[in-house]
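A.B. asks:
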Amino acid sequence: MQNKGLIKLFAFLFGLVSIYQLSYTFITNKVEDDAKAYAISEIPDSEPDAISKQEALTASYLDSVGSNTIFGFTTYDNAKKKELNKGLDLKGGINVTLQISIKDILKGLANNTKNPVFNKALADADAESKNSDDTYLDLFFDAFDKIKGDTKLASPEIFANKGLSDAVNFQMSDDEVKPIIRTKIDESIVSAFEVLRERIDGFGVTQPNIQRIGTSGRILVELPGARDIARAQELLSSTAQLEFWETYEPNNTSFSTFLIQANEKLKTLIDTPVQEETKPESELDSLLSDVSSDSLEIANQVNPLYDLLLPPTPGRNAMFSAAAKDTAKVGEYLRMPEIQRLLPADIQFTKFVWGRPETEDAEVIDLFALQSNRDGIPRMSGDVVSDARDTFDQFSKPAVTMNMNSKGAKEWQKLTSDANLHNTGIAVVLDNKVYTAPGCSVPGGISGGNTEITGSFSITQTKDIANVLRAGKLPASAEIIQSEIVGPSLGQEAIDSGLMSFLIAMAIVLVWMVFYYGKAGLFADIALLLNILLIFGVLTSLEAVLTLPGIAGIVLTIGMSVDANVLIFERIKEELAKGKGKGQAVADGFSNALSSILDANVTTGLTALILFLFGSGPIKGFATTLLIGILTSLFTAIFVTRLLVDWYLSGKGRTLDFSTAITKNLFKNMNIKFLAKRKIAYIVSLVLVGVGVFSLFTTGLQQGVDFIGGRSYQVRFEKQVNPSEIASELNDVFGNGTNVKRFGEANQIKITTPYKVDVEGIEVDNEITDKLYTSLQKYLPDGTSKADFVVGSGEDSIGILQSVKVGPTIADDIKKNAFLAILGSLAVVFLYILLRFRKWQFSLGAVAAVFHDVMIVLGIFSLFGTIMPFNMEIDQAFIAAILTVIGYSLNDTVVVFDRIREIIGEKGWGNGENVDLALNSTLSRTLNTSLTTLVVLLAIFIFGGESLRGFMFAMIVGIIVGTYSSLFIATPVMFDSLSKKIKTGGKEE
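To convert, note that position 408 of the sequence shown is 408 in this note's numbering; the numbers rise steadily by one, no gaps.
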């Protein structure tokens, strides 16, 4: 081998850099362990609220030591930025995909027009978007074109308005306006992206990730380590729509008149439907069944509205108040058109807005009456705020102080002057909640443009409010269409199980290589350990994220990287058997194995690359580690192992047999007639595939929420529970379609429900969590609060450990990408093999084997999906497993084909005898690699955690079937598709 000195230097530097990169991770782990130990020593677990106090003390400790120098070259704060990034499944936190509302942006660009054609086009686009893959903007344009008549996009009441006067004029055609609107929408999405990034920077988590997803208006946000999930969700989806309104004076007599009339009107509206004295009993029963329970309840009230209203909280300038449980009903009444028409002329444009609850469990909430106009526009909006910061008011309570620009200062002085003159309040409204509504005692108003928001806030709340105001408002609403929330306890369990599977797999492989190849196996082990070091070093250097599937990718790389060394050692043994000297045999063995190694790794790498391009989240992490592992294993196997072998053989009197006494004659002189058995193999495979296809058409597959949309919750209890009993109860709550099954241990279940999957908003998420808590409360330990039940809380990891939400639109996208990934991998590999082997028969054999493997795996999942004691849903992880199976099957097939090409190039086809010779000569390598990989996969399957079992089971089945198909399907199909002339002809060119 030439340039040994250069390779030694490169390997040394590569390893040294990897150790340096990983040193930051070791440093942060050490400091954080010290911080946790300190917090536990200061605050015993027996103290009330010990967990939250320990977390706060840990954070305080880390802040205090963050700038201290460690080992003379870094600090904790600096090391934290350079450590190995851990994904949500290892660290806990929240991963969400936000959809910026293109509809809201369009309405804003059109200045909230009342144009019927424009609004009808929006409604049509809404309906069509539920069943189409086209963008919302394209659907809007299509809908507008169908109904526009003489209306133009550039009409003054649509886009040729004052706000777009610099870009759109009324003389433009629709085709000229459309690209301008596209540009404006893209600018708005960029603006939303920047606003969200500013908010996230102020949230306080380390290593957050935010990125745009194409041009769809979707934004991916990852907050690893975030524990206050509700706070994170509110921060991300809040529009930060800040408005200033003038209230009505509380003693306004017009409201007294309005209340009397509204109360009487409600009596008649509610009583009318049930006064049917003369109908037959059957018809009366039918009519009563159509009346909602709410209406019947209200009909029995003496005063429907009066009975729900309470006196307002003194000093807040509110008009009324109501019990928190009654706010929805009061709001429903006040929005009724029949009630709205009763408002007197002087208050006819009143806007009713609820106040922000003083505390999370507040029993009474104030209702404010705000002075509005025909268009519902506030006196001032939040775009005049130039700065905001959290502070304390004169009573040392947390508050938010805002500064306004010059325009805002003038408007603020006028608004405060009017409030002083009319003895009214100024309502500070953020996202349609009144935070405060103080009066103004300064004649002539407040100059300077400064104001303060006060209330019953915590310090964290004022920080968040100041953060969103400072970052600015989102140009449109941002709905969470996909989310994954992982509790920190589950993340720690994932780390423990991942590490366990990693160490066990590593130990098995290291021992096996020494057992099978003796001293040569020891050199392969050294190269393998260096390979692992390099993988982690590269991951850290690239700032890639390590996930649980990523750990599985690394463990799988351990098994697959052995393949290169096995190929090399088997070829060296063949050269030694020919009587060559040790030095020449080693040189020829490495040289002859190189082609097979490269072909096998390129095919696996291509499937991993497609997985990386089409996957997302943890699956992309799996593909990342697999790609890195392929590259590093090539380097260590081809160069590092060679250096070690050459070094050892250079010593006087040293021998290297590449086998042990037990394994020396294994697989020697094998003469299995593979082609003669192909008809039996065809029949067996046809039966297996046929049964699988029949099951797929009759039983189908268990599709996870990734593919059908919905919400899933992984819940752990203190004691064993009955999934069927819980399923029956939850179906009463959420309706049919809710599925409950055991997930791992007998005290753990997975709940999947399509309930309100097409309804966005945090309110729905909270509603479902509330119903889950209420329904499952009897199975929880006494005293378990809702706060303990939700993700990120709970002593002894009781409650929701993980939740996933996938909207129907994004589920369709995931399914589409999965289909494209599988088709793409087959097409790319077919072309690669065609180029490498220059015969379409080789490509046909390889693709036939892959198709065979995939169908058998799918059939097994369909047949046994409801029987196996672990999760066998079809989700993104399953697609990753299928693509890995494709890669492994091709790896095996290509090695076999490579030996066939070599032998027939020397001896010709020989009517099949030489094909059998090639298969027998690779049998040792095939079984050795397959068994090693299987043992590794079994280690992950047993010790790697419940979430990986279905994933690993698919790969275990795939490895077994893939090994079989490379011998009994790929090669026979290739051979049978050759012409008779070629089979009986001479040598291969």
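A virtual CB, placed ideally from N, CA and C, is assigned to each residue, including glycine.
Just so it is clear, the structure is predicted and the values come from calculations on it, not from any experiment.
On a CA-only basis, which of GLU234, ILE339, LEU499 is nearest ILE942? Give me that one, please.
C.D. replies: LEU499
A.B. asks: Just tell me which of ALA544, ILE181, THR135, ARG335 has its CA closest to the CA of ARG161.
C.D. replies: Residue identity check: residue 161 is Asn in the sequence provided, not Arg. Per the Cα distances, ILE181.
A.B. asks: Rounded to whole angstroms, what is the Cα-Cα separation between ASN911 and GLN211?
C.D. replies: 58 angstroms
A.B. asks: Select from THR607, LYS107, PRO781 the residue whose C-alpha is nearest the C-alpha of PHE717.
C.D. replies: PRO781
A.B. asks: For VAL545, which residues does DSSP report across the bridge?
C.D. replies: ASN85
A.B. asks: Assign TRP909 to one of two classes, buried (16 or more other C-beta atoms within 10 Å of its C-beta) or exposed (fewer than that).
C.D. replies: The residue in question, TRP909, is buried, as its Cβ has 16 or more Cβ neighbours within 10 Å.
A.B. asks: Near GLN720, which residues of its chain fall below 7 angstroms by C-beta distance, leaving aside the five closest residues on each side in sequence?
C.D. replies: ALA746, ASN747
A.B. asks: Counting only the same chain and skipping the five closest in sequence on each side, list residues whose C-beta sits under 7 angstroms from that of VAL442.
C.D. replies: THR416, ASN420
A.B. asks: Using the rule of at least 16 other Cβ atoms within 10 Å of the residue's Cβ for burial, across every protein chain shown, is GLN777 buried or exposed?
C.D. replies: exposed
A.B. asks: Determine the burial state of TYR333: buried for a count of at least 16 other Cβ atoms within 10 Å of its Cβ, exposed for fewer.
C.D. replies: buried
A.B. asks: What residue does the beta strand (DSSP E) around GLN99 start on, and which one ends it?
C.D. replies: It spans 93-100 - the beta strand (DSSP E) in which GLN99 sits, taken as one unbroken run.
A.B. asks: What does the alpha-carbon distance come out to for the pair ILE856 and VAL961?
C.D. replies: 8 angstroms
A.B. asks: Do PRO451 and MET380 have their CB atoms nearer than 8 angstroms?
C.D. replies: Residue identity differs from the one stated: residue 451 is Thr in this sequence, not Pro. MET380 sits away from THR451, with the two beta carbons spaced by 8 angstroms or more.
A.B. asks: Under the three-state reduction of DSSP, which class applies to TYR1024: helix, strand or coil?
C.D. replies: Given a span of 1 to 989 for the chain in the structure shown, any question on residue 1024 remains unanswerable.
A.B. asks: With respect to the alpha helix (DSSP H) encompassing GLU411, which residues constitute its N-terminal and C-terminal limits?
C.D. replies: For GLU411, the enclosing alpha helix (DSSP H) starts and ends at 406-422.
A.B. asks: Is the closest heavy atom of the ligand NAP to the C-beta of GLU187 under 7 angstroms?
C.D. replies: What this structure holds is no ligand at all, so the ligand NAP is not there to describe.
A.B. asks: Who does PRO781 pair with in a DSSP beta bridge?
C.D. replies: Per DSSP, none; premise fails for PRO781.
A.B. asks: Is GLU574 close to chain C, meaning its C-beta is less than 8 angstroms from at least one C-beta of that chain?
C.D. replies: The structure shown contains no chain C, having only a single protein chain.
A.B. asks: Could you give the distance in angstroms between the alpha-carbon of LYS519 and the alpha-carbon of ILE959?
C.D. replies: The C-alpha of LYS519 lies about 28 angstroms from the C-alpha of ILE959.
A.B. asks: Could you tell me the alpha carbon to alpha carbon distance between THR272 and LEU701, rounded to whole angstroms?
C.D. replies: Residue placement at THR272 is flagged as unreliable, the pLDDT there being 43, under the threshold of 50; the coordinate-derived value follows with that caveat. Cα to Cα, THR272 sits roughly 51 angstroms from LEU701.
A.B. asks: Taking 8 angstroms as the cut-off, decide whether the C-beta atoms of LEU342 and PHE258 are in contact.
C.D. replies: The Cβ atoms of LEU342 and PHE258 sit closer than 8 angstroms to each other.
A.B. asks: May I ask you to report which of helix, strand or coil DSSP gives MET172?
C.D. replies: coil
A.B. asks: When you compare the CB positions of SER254 and ASP346, do they come within less than 8 angstroms of one another, or not?
C.D. replies: yes
A.B. asks: If I measure Cβ to Cβ from VAL545 and keep anything under 6 angstroms in the same chain, skipping five residues before and after, which residues do I get?
C.D. replies: ASN85, GLY87, GLY621
A.B. asks: Between the C-alpha atoms of THR97 and TRP412, what's the straight-line distance to the nearest angstrom?
C.D. replies: The straight-line gap from Cα to Cα measures roughly 37 angstroms.
A.B. asks: How many Å lie between VAL330 and ILE874 at the Cα?
C.D. replies: 45 angstroms
A.B. asks: Excluding five sequence neighbours on each side, which residues of the same chain lie with their C-beta closer than 7 angstroms to the C-beta of SER67?
C.D. replies: Leaving aside the five residues that flank SER67 on each side, the residues in its chain whose CB is nearer than 7 angstroms to its CB run, in chain order, THR75, ASP77.
A.B. asks: Decide if LEU266 is buried, meaning its Cβ has at least 16 other Cβ atoms within 10 Å, or exposed.
C.D. replies: buried
A.B. asks: Beta-carbon separation of LEU834 and THR607 under 8 angstroms?
C.D. replies: no
A.B. asks: Which one of GLN482, SER685, ALA877 has the shortest CA to CA distance from ASP758?
C.D. replies: Taking ASP758 as reference, the option from GLN482, SER685, ALA877 with the minimal CA-CA separation is GLN482.
A.B. asks: Let me know the secondary structure DSSP gives LEU801 once reduced to three states.
C.D. replies: strand
A.B. asks: When we look at the beta-carbon of SER889 and count the other beta-carbons within 10 Å, is it buried (16 or more) or exposed?
C.D. replies: When all chains shown are included, SER889 counts as buried.
A.B. asks: With a CB to CB cut of under 7 angstroms and the five nearest residues on each side skipped, what residues in its chain are close to ASP124?
C.D. replies: ALA143
A.B. asks: CA-CA distance, VAL274 and ASN112?
C.D. replies: Confidence at VAL274 is low in this model, with a pLDDT of 37, below 50, so the placement of that residue is unreliable and no value is reported for it.
A.B. asks: Just the Cα atoms here: how many angstroms apart are ILE426 and LYS756?
C.D. replies: Computed Cα separation, rounded: 37 angstroms.
A.B. asks: Roughly how many whole angstroms lie between the Cα atoms of GLY824 and LEU917?
C.D. replies: 33 angstroms
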